[in-house]
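These notes are about the structure you will find just below.
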Amino acid sequence: QKEVEQDPGPLSVPEGAIVSLNCTYSNSAFQYFMWYRQYSRKGPELLMYTYSSGNKEDGRFTAQVDKSSKYISLFIRDSQPSDSATYLCAMRTTGGFKTIFGAGTRLFVKA
Amino acid sequence: GAVVSQHPSRVICKSGTSVKIECRSLDFQATTMFWYRQFPKQSLMLMATSNEGSKATYEQGVEKDKFLINHASLTLSTLTVTSAHPEDSSFYICSASGGGYEQFFGPGTRLTVL
Numbered sequence: 019q020k021e022v023e024q025d026p027g028p029l030s031v032p033e034g035a036i037v038s039l040n041c042t043y044s045n046s047a048f049q050y051f052m053w054y055r056q057y058s059r060k061g062p063e064l065l066m067y068t069y070s071s072g073n074k075e076d077g078r079f080t081a082q083v084d085k086s087s088k089y090i091s092l093f094i095r096d097s098q099p100s101d102s103a104t105y106l107c108a109m110r111t112t113g114g115f116k117t118i119f120g121a122g123t124r125l126f127v128k129a
Numbered sequence: 005g006a007v008v009s010q011h012p013s014r015v016i017c018k019s020g021t022s023v024k025i026e027c028r029s030l031d032f033q034a035t036t037m038f039w040y041r042q043f044p045k046q047s048l049m050l051m052a053t054s055n056e057g058s059k060a061t062y063e064q065g066v067e068k069d070k071f072l073i074n075h076a077s078l079t080l081s082t083l084t085v086t087s088a089h090p091e092d093s094s095f096y097i098c099s100a101s102g103g104g105y106e107q108f109f110g111p112g113t114r115l116t117v118l
């Protein structure tokens, strides 16, 4: 079993839709939860970061962490074609050196 | 956010030659740098972790003699692919960390070995 599971998609939605991206994990020691966005042929960029459980909102993006279920989500409201990219979840333990990445979900937002 | 650059962005070489890729943190000191490899439509595969002034720690299955990593300063790490072969063709991405949770990624280098 992989430490982090993420459906690779692709996920195709119409412009304006609410997008839900998810990851599950097995290591209960993970405390830092990140979402990265990667455009084609570019390096990933940090989109959202959450420490431990809870929600975090930034504009059209909301990150949720449910540690009891070992489940994290990223919601994108009013999705735009410019949101089309691969979204990678990532996790790290406190004091841990290594960040564990999910496989990435490819998202296509159609105009 | 912090900026990480990579050079070159794209390189094409003949089989058997060596290729060096540079990763620089432009506006912060990177105590740790990471090198990843990414195949088309796949996620990042960590190759090695390097701390300034120390030998790199390689992930299982990554050949140390094939992929030479040098982290000579707090702003520069290099990855040398020695005696490159077509199967080494890939997208190589570095990231840098100043000690916190966040990694800042470079734009990647696309290597094509003919």
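Protein chains in written order, with my numbering: chain A, 19 to 129; chain B, 5 to 118. For every residue, glycine included, the Cβ atom is placed at its ideal position computed from N, Cα and C.
Proximal residues of chain B, C-beta to C-beta of residue i below 9 Å
| i | result |
| --- | --- |
| R55 of chain A | Chain B residues near R55 of chain A: none, gap ~11 Å exceeds 9 Å. |
Partner residues on chain B for residue i, Cβ-Cβ distance less than 7 Å
| i | result |
| --- | --- |
| Y50 of chain A | Y105 |
| Y43 of chain A | Those do not exist, as Y43 of chain A stays about 14 Å from chain B at its closest Cβ, beyond 7 Å. |
Assigned exposure category for residue i - 16 Cβ within 10 Å defines buried
| i | result |
| --- | --- |
| I90 of chain A | buried |
| G110 of chain B | buried |
| T123 of chain A | buried |
| A76 of chain B | exposed |
| F43 of chain B | exposed |
| A129 of chain A | exposed |
| D96 of chain A | exposed |
| R110 of chain A | buried |
| V117 of chain A | Reading off the sequence, residue 117 of chain A comes out as Thr, not Val. T117 of chain A should be labelled buried. |
| R58 of chain B | Just to set this straight, residue 58 of chain B is Ser in the shown sequence, not Arg. Per the 10 Å Cβ criterion, exposed. |
| V7 of chain B | exposed |
| G65 of chain B | exposed |
| I94 of chain A | buried |
| G113 of chain A | exposed |
| D92 of chain B | buried |
| L92 of chain A | buried |
| P12 of chain B | exposed |
| G34 of chain A | exposed |
| S94 of chain B | buried |
Per DSSP, cross-strand counterpart(s) of residue i
| i | result |
| --- | --- |
| I73 of chain B | B:L83 |
| N73 of chain A | A:Q82 |
| T104 of chain A | A:Q56, A:R124 |
| R28 of chain B | B:S9, B:L80 |
| P32 of chain A | A:K128 |
| E23 of chain A | A:T42 |
| L50 of chain B | B:Y40 |
| S87 of chain A | Answer by DSSP bridge pairing: none, since S87 of chain A is not bridged. |
| S99 of chain B | B:F38, B:F109 |
| L115 of chain B | B:V15, B:S94 |
| R110 of chain A | A:Y50 |
| F119 of chain A | A:A108 |
| E63 of chain B | In DSSP, E63 of chain B forms no bridge with anything. |
Cβ-heavy atom distance, residue i to the ligand ATP, below 7 Å
| i | result |
| --- | --- |
| Q19 of chain A | This structure simply doesn't include the ligand ATP, nor any ligand for that matter. |
Within chain B, the residues that residue i reaches when beta carbons sit closer than 8 Å
| i | result |
| --- | --- |
| K116 of chain A | L50, T53 |
| R59 of chain A | F95, G112, R114 |
| A121 of chain A | Q46, S47 |
Any 3 or more C-beta pairs closer than 8 Å across the region 23-31 of chain B and the region 79-99 of chain A: no
Contact residues within the region 82-113 of chain A, judged by C-beta distance below 7 Å to chain B: L106, R110
Residues from the region 46-61 of chain B in contact with chain A, defined by Cβ distance under 8 Å: Q46, S47, L48, L50, T53
Stretch pair the region 35-45 of chain A + the region 57-66 of chain A: three plus CB contacts closer than 8 Å: no
Residues, ordered as in the chain, of the region 66-94 of chain B that lie near chain A by beta-carbon distance below 7 Å: none
Inter-stretch contact at 8 Å, needing at least 3 Cβ pairs: the region 38-48 of chain B / the region 88-100 of chain B: yes
Contact the region 30-41 of chain B vs the region 52-64 of chain B: 3+ CB pairs below 8 Å: Verdict: yes, contact present.
Given 8 Å, three or more beta-carbon pairs between the region 98-111 of chain A and the region 82-93 of chain B: no
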